[in-house]
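A.B. asks:
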Amino acid sequence: MSLPVTQEAIFIGANKQNYVSDYNLHHKIIAFGAGTTVAIWNPLDETHRGVYYTLKKHTKEVTGVKFLPSSEFLISIGEDHIVNVWEKSGDVYKHHQSLHGHENSVTCIAEVNEKIFVTGGADQNIIIWVYNGEGFKLSHKFKVKSNFYPLSLAIQQTNEEENYILAIGGTTNNIYIYSFQATQEPIINVDKSAELTGHEDWVKTLQFVTKSKYRDYILASGSQDRYVRLWRLKLNESIDNTDEDPTKLTLLSNKQYKFNFGGDKRAAFSFEALIMGHDDWISGIQWHPSCKYQSENAESKLQLLTSTADTALMIWEMDTESGIWVCTSRLGEMSIKGASTATGASGGFWSCLWFIDDSTNEEYVVATGKTGAIRAYKSVSNDAKYFKETIGVTGAVGAITDLRWSIGGEYFMVTSLDQTTRLYAPWIRDQMTTWHEISRPQIHGYDMICCDNITKTKFVSGGDEKILRVFELTESIRQHLKSLGGIEINDDNEKLPEFATLPVLGLSNKADAQVEEETKNDESIGELVHKVDEDITVPPTESYLQRNSLATEIEKLYGHGYEVTCCSTFPNGKLIATSCKSNNAKHAVIRIFVVNNDYQQSKQVLAGHNLTISSLKFSPDGKYLLAVSRDRQFSLWELIDENKAEFKLVELNTKPHSRIIWDCSWLPNANSFVTVSRDKQMKLWEIKKEKVVLVNSLKLSEAITSVSIFKGKVSIESSIIALGLESGQICVYSTDGNDFKPIVSFDETITPADRVEKVSFSSQITDNKLLLGVGSKDTSVRIYAIEETLFR
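Each residue of the sequence shown is one higher than the one before, starting from -19 at the first, in our numbering.
#1: Would you mind sorting Asn(-5) into buried or exposed? The rule is 16 or more other CB atoms within 10 Å of its CB.
#2: Excluding the five sequence neighbours on either side, which residues of its own chain have a C-beta within less than 7 Å of the C-beta of Val512, listed in chain order?
#3: Any chance you could list the beta strand (DSSP E) runs of at least 3 consecutive residues sitting entirely within the region 714 to 762, in chain order?
#4: Can you name the start and end residues of the alpha helix (DSSP H) that Leu131 belongs to?
#5: In this structure, what does DSSP give as the bridge partners for Pro406?
#6: Given that a residue counts as buried once 16 or more other Cβ atoms are within 10 Å of its Cβ, and exposed if not, what is Gln266?
#7: Out of Asp719, Glu(-12), Leu606, Ala(-11), which one is the CA nearest neighbour of Ile667?
#8: I think Ile(-8) touches Tyr32, with their Cβ atoms under 8 Å apart; what is that distance to the nearest whole Å?
#9: Buried or exposed: which applies to Ser339, given that a residue is buried once 16 or more other Cβ atoms fall within 10 Å of its Cβ?
#10: Could I get the ranges of all uninterrupted beta strand (DSSP E) runs contained in the region 245 to 319, with 3 residues as the minimum, in chain order?
#11: Short of 7 Å in beta carbon distance, which residues of its chain neighbour Thr395, apart from the five on each side in sequence? Order them along the chain.
#12: As an exercise, report each continuous beta strand (DSSP E) stretch of at least 3 residues that is fully enclosed by the region 150 to 199, in chain order.
#13: Taking Cβ to Cβ, would you say Tyr579 is nearer than 8 Å to Lys561?
#14: So is Phe329 buried or exposed if we call it buried at 16+ other beta carbons inside 10 Å?
#15: Give me the Cα-Cα distance between Phe160 and Asn169, rounded to the nearest whole angstrom.
#16: Helix, strand or coil for Lys125, going by three-state DSSP, please let me know.
#17: So, is Ala565 buried or exposed, given that buried needs 16 or more other C-beta atoms within 10 angstroms?
#18: Taking 6 Å as the limit between beta carbons, can you name the residues of its chain near Glu141, skipping five residues before and five after?
#19: Assuming Phe614 and Pro636 are in contact, meaning their beta carbons sit under 8 Å apart, how far apart are those beta carbons, in whole angstroms?
#20: Based on Cα-Cα distance, which residue from His460, Ser740, Glu697 lies nearest to Phe771?
#21: Measure the alpha-carbon distance for Lys245 versus Gln(-13) and round it to whole angstroms.
#22: Near Ile9, which residues of its chain fall below 7 Å by C-beta distance, leaving aside the five closest residues on each side in sequence?
#23: Could you pull out every residue in the same chain whose Cβ sits closer than 7 Å to the Cβ of Thr230, ignoring the five residues on either side in sequence?
#24: From which residue to which residue does the alpha helix (DSSP H) around His460 run?
#25: Does DSSP put Glu142 in a helix, a strand or coil?
#26: Nearest by alpha-carbon distance to Ser760: which of Gly202, Met298, Ala531, Gly378 is it?
#27: Are Leu464 and Thr437 close, meaning C-beta to C-beta below 8 Å?
#28: Which value, in whole angstroms, describes the spacing of the CA atoms of Trp642 and Glu59?
#29: Write down the C-beta distance between Leu591 and Asn563 rounded to the nearest angstrom, noting that I regard them as a contact closer than 8 Å.
#30: By DSSP's criteria, Tyr344 is part of a beta bridge. Which residues make up the other side?
#31: When you compare the region 119 to 134 with the region 67 to 76, are there three or more beta-carbon pairs, one atom per stretch, that lie closer than 8 Å?
#32: State the Cα-Cα distance for the pair Lys238 and Leu133, rounded to the nearest angstrom.
#33: Compare the C-alpha of Ser819 against each of Thr746, Arg212, Trp261, Leu210 and name the closest.
#34: Label Val306 either buried or exposed according to how many other C-beta atoms from any shown protein chain fall within 10 Å of its C-beta, with 16 as the threshold for buried.
#35: Compute the beta-carbon to beta-carbon distance between Ser595 and Cys644, rounded to the nearest angstrom, for a pair I have assumed lies under 8 Å.
#36: Kindly confirm or deny that the region 447 to 464 and the region 405 to 420 touch, where touching means at least three C-beta pairs closer than 8 Å.
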């Protein structure tokens, strides 16, 4: 039995945290922190559907996730001080329990088995959690020392059962080693055993690996000093009793850090190797999967993966002759000179994962980056020294502010507070459709607020600056849309620019003049460019999106005194209405731009509001322009002269709602519209003899933040209305022009975790389903399919 509402796609970016992601070997899924949610993705899924579920419980940003080995538990930590435990239930995870013990943001986590994991927090506390058969309990809490904040943890269970070694790194140059036994509950004796010195900056990442042939272990540590250090842990009889060579440099000290653990047992750490070659902070470390899961083969695959803030992924292996660790593979990007954390850059990669597809023996390297994307690389040879980038996950890392479907309803664009405008479209093949980010038309220096279509190939966008920018899609974008989704945007065969580039010190995307000039002068080059682009069989990767999918900026629209808040284009694309932030009547105006060769601004300024206009909408026939505002008023304007962009005020309603009016939408008949407000009401209005009359109202249990009315053709005469609410809930109503009839409320397990900023219907009906795009403050973009039969 098909569900009335299904979630077709989720686009959400990974948080910028070092412990943000983890891979489950048994279930072959990746969990990662995305805003306040935990996103679930199957990287080996041949359908490439991307993120298919998000877990909602945290109230602030998720800082880390870990799967507990040999169990069905997933642990997530967050800035809300909470540790959440999730248990697998079918294809998804259900909340099992919330653990309270930290008094501030939880910063790091380490697991060792199905019974024990450890967390560290900004309250300086380290907490050991133990499973008692029903749930996890706080077993021991301690601090390393005053003013020390833990940033990284690693825990190793030794050959002796119930004996554990815990390594802690943080806001000093040293690594602190503790040992404890878990033979009693709660754990009482947690002993500080050693303090490893050598790093020259904070230690950001730690990981143990077992070398079973020698009954010892290796601890890898990565630091902000750009170095990775390897430490060998020897147990019992394997301890060397020789003293340190006093003539050896401190940097490469062979000092043994000896200690007792588990009563009369002896152990010692010794410095093993120094790995150098990165240009910025070490953000993540992963031992080869065979070391972690097939310890008998550890010697043959003793390799180490490192990720750094210089956008590099490097695989290291010890040279058998010299004993020096050398780089055998380098992935990611070459670092830009001067762009480092020292100069204020937000970092390239924040974490990494390394796993093997046991069905094909292919190796995967996965890294989360500053853009929110998860880049995936797959091995292409038996020796796994060569990797190619494959389809990963993309999504915004800031609140979504606007969502607009294309003129034909085939694809849509979103703007976000992460300073991007993104284009999402379907990938159709073999009777299967998945949605993907096809282009990133705008990568800006300001947070993006709004956008709208002018024509099939041109759009306008506004951000936290005083101007709006007009863009034209490129030939590269056109070919991706056509090849992957069968979408044609250039019906009149107008020549589009090949592709666009963003100057290093600029905000304006320019057509690549050099390539265009070469194409003009050499027909073979032009043919080559088209041939390469037309052979498109899969969606673009993150590397392509960032570098080659920009749109070309063709115009700037000036006139506003403050940051732009909303825009709307005339149905035929000849006019653009815009507004900006304001706390007075002088700036709370609507400016009209005439779309011609020079995009001139109309001499008429539409005034009447006192505060920021929150939404602008032209009626479907272009006869009216509707504006709603934070001043609790709406204004209705009638277009008198399209060529001169002249309007007359039909009505300025001063008391339609008792709180801020957030949004508005027209009915298909272009003679009625609805407004929604923080006062929890939706109101239906009708224009009668140049008067606006209230027809009906509906009050819900919470503030309504967005509304969209389906403009396509359905088999009923009623209009279909989607509402987005402040909690993230979504509901759908129908109206015959009088009463509101509830159709469906979405299951809360598939709705966003925070305020809905924008709901928008596609004008198309696909496979007897209506497509609803939803953008949320939780940084997610979601596509829902609603069965048309619900409205019959």
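Glycine included, C-beta positions come from ideal geometry on N, C-alpha and C.
C.D. replies: Based on what the coordinates show:
#1: As a first step, residue -5 must be located in the sequence shown, where it is residue number 15. Result: buried.
#2: What you label residue 512 is simply residue 532 of the sequence shown in a count that begins at 1. Caution applies to Val512, whose pLDDT of 41 falls short of 50 and renders its modelled position unreliable; the model cannot decide the point.
#3: 720 to 725, 736 to 746, 749 to 756
#4: Here residue 131 corresponds to residue number 151 of the sequence shown, with the count starting at 1. No alpha helix (DSSP H) contains Leu131, which is instead part of the beta strand (DSSP E) from 130 to 137.
#5: Numbered from its first residue, the sequence shown carries residue 406 at position 426. Answer is Trp415.
#6: Locating residue 266 in the sequence shown gives position 286, where the first residue counts as 1. Classification for Gln266: buried.
#7: Reading the sequence shown from its first residue, position 687 is the one you call residue 667. For the residues Asp719, Glu(-12), Leu606, Ala(-11), the minimum Cα distance to Ile667 belongs to Leu606.
#8: As a first step, residue -8 must be located in the sequence shown, where it is residue number 12. As a first step, residue 32 must be located in the sequence shown, where it is residue number 52. Rounded, the Cβ-Cβ distance is 11 Å, inconsistent with contact.
#9: Along the sequence shown, read from residue 1 onward, the residue named residue 339 stands at position 359. Classification for Ser339: exposed.
#10: 245 to 256, 262 to 267, 283 to 288, 292 to 298, 305 to 312
#11: Translated into the one-based positions of the sequence shown, residue 395 becomes position 415. Closer than 7 Å at Cβ, skipping near neighbours: Thr381, Asp382, Thr401, Met428, Ile429, Cys430, Cys431, Ser441.
#12: 155 to 161, 170 to 176, 183 to 191
#13: On the sequence shown, residue 579 is found 599 positions in, with the first residue counted as 1. On the sequence shown, residue 561 is found 581 positions in, with the first residue counted as 1. Not in contact: Tyr579 and Lys561 (Cβ atoms no closer than 8 Å).
#14: Residue mapping note: residue 329 aligns to position 349 of the sequence shown, counting from 1. By the 10 Å Cβ count, Phe329 comes out buried.
#15: Numbered from its first residue, the sequence shown carries residue 160 at position 180. Numbered from its first residue, the sequence shown carries residue 169 at position 189. Roughly 6 Å between the two C-alpha positions.
#16: What you label residue 125 is simply residue 145 of the sequence shown in a count that begins at 1. Lys125: coil per DSSP, three-state reduction.
#17: Stepping through the sequence shown from its first residue, residue 565 is reached at position 585. Answer is exposed; the Cβ neighbour count stays below 16.
#18: Mapped onto the sequence shown, residue 141 falls at position 161. The answer is none, since no qualifying residue turns up.
#19: Numbered from 1 along the sequence shown, position 634 holds the residue referred to as residue 614. Numbered from 1 along the sequence shown, position 656 holds the residue referred to as residue 636. That pair is a contact at about 6 Å.
#20: To locate residue 771, count along the sequence shown from 1; it is residue 791. Taking only the C-alpha atoms, the option nearest Phe771 is Glu697.
#21: Your numbering for residue 245 matches position 265 in the sequence shown. Your numbering for residue -13 matches position 7 in the sequence shown. Approximately 55 Å between the Cα atoms of the pair.
#22: Taking the sequence shown and counting its residues from 1, one reaches residue 9 at position 29. Once the five neighbours on either side are set aside, the close Cβ partners of Ile9 are Ile20, Trp21, Asn22.
#23: Start at 1 with the first residue of the sequence shown, and residue 230 comes out as number 250. Residue confidence is low: Thr230 scores 48 on pLDDT, short of 50, so the model does not pin down where it sits. Its coordinate-derived value is still stated next. Excluding residues within five positions, none has a Cβ falling inside 7 Å.
#24: In the sequence shown, the residue the question calls residue 460 occupies position 480. Segment 455 to 465, the alpha helix (DSSP H) holding His460.
#25: Taking the first residue of the sequence shown as 1, we reach residue 142 at position 162. DSSP places Glu142 in coil when its eight states are reduced to three.
#26: Taking the sequence shown and counting its residues from 1, one reaches residue 760 at position 780. Nearest option by C-alpha distance: Gly378.
#27: On the sequence shown, residue 464 is found 484 positions in, with the first residue counted as 1. On the sequence shown, residue 437 is found 457 positions in, with the first residue counted as 1. No. Outside cutoff.
#28: By 1-based counting over the sequence shown, the position of residue 642 is 662. By 1-based counting over the sequence shown, the position of residue 59 is 79. Whole-angstrom Cα-Cα distance: 29 Å.
#29: Taking the first residue of the sequence shown as 1, we reach residue 591 at position 611. Taking the first residue of the sequence shown as 1, we reach residue 563 at position 583. Contact flag correct, Cβ pair sits at about 6 Å.
#30: As a first step, residue 344 is located in the sequence shown; it is residue number 364 there, counting from the start. Partner(s): Phe335, Lys358.
#31: no
#32: By one-based count along the sequence shown, residue 238 stands at place 258. By one-based count along the sequence shown, residue 133 stands at place 153. Approximately 20 Å between the Cα atoms of the pair.
#33: With the chain covering only -19 through 772, there is no way to say anything about residue 819.
#34: Against the sequence shown, residue 306 aligns to sequence position 326. That one is exposed.
#35: As a first step, residue 595 is located in the sequence shown; it is residue number 615 there, counting from the start. As a first step, residue 644 is located in the sequence shown; it is residue number 664 there, counting from the start. Rounded, the Cβ-Cβ distance is 5 Å, consistent with contact.
#36: yes
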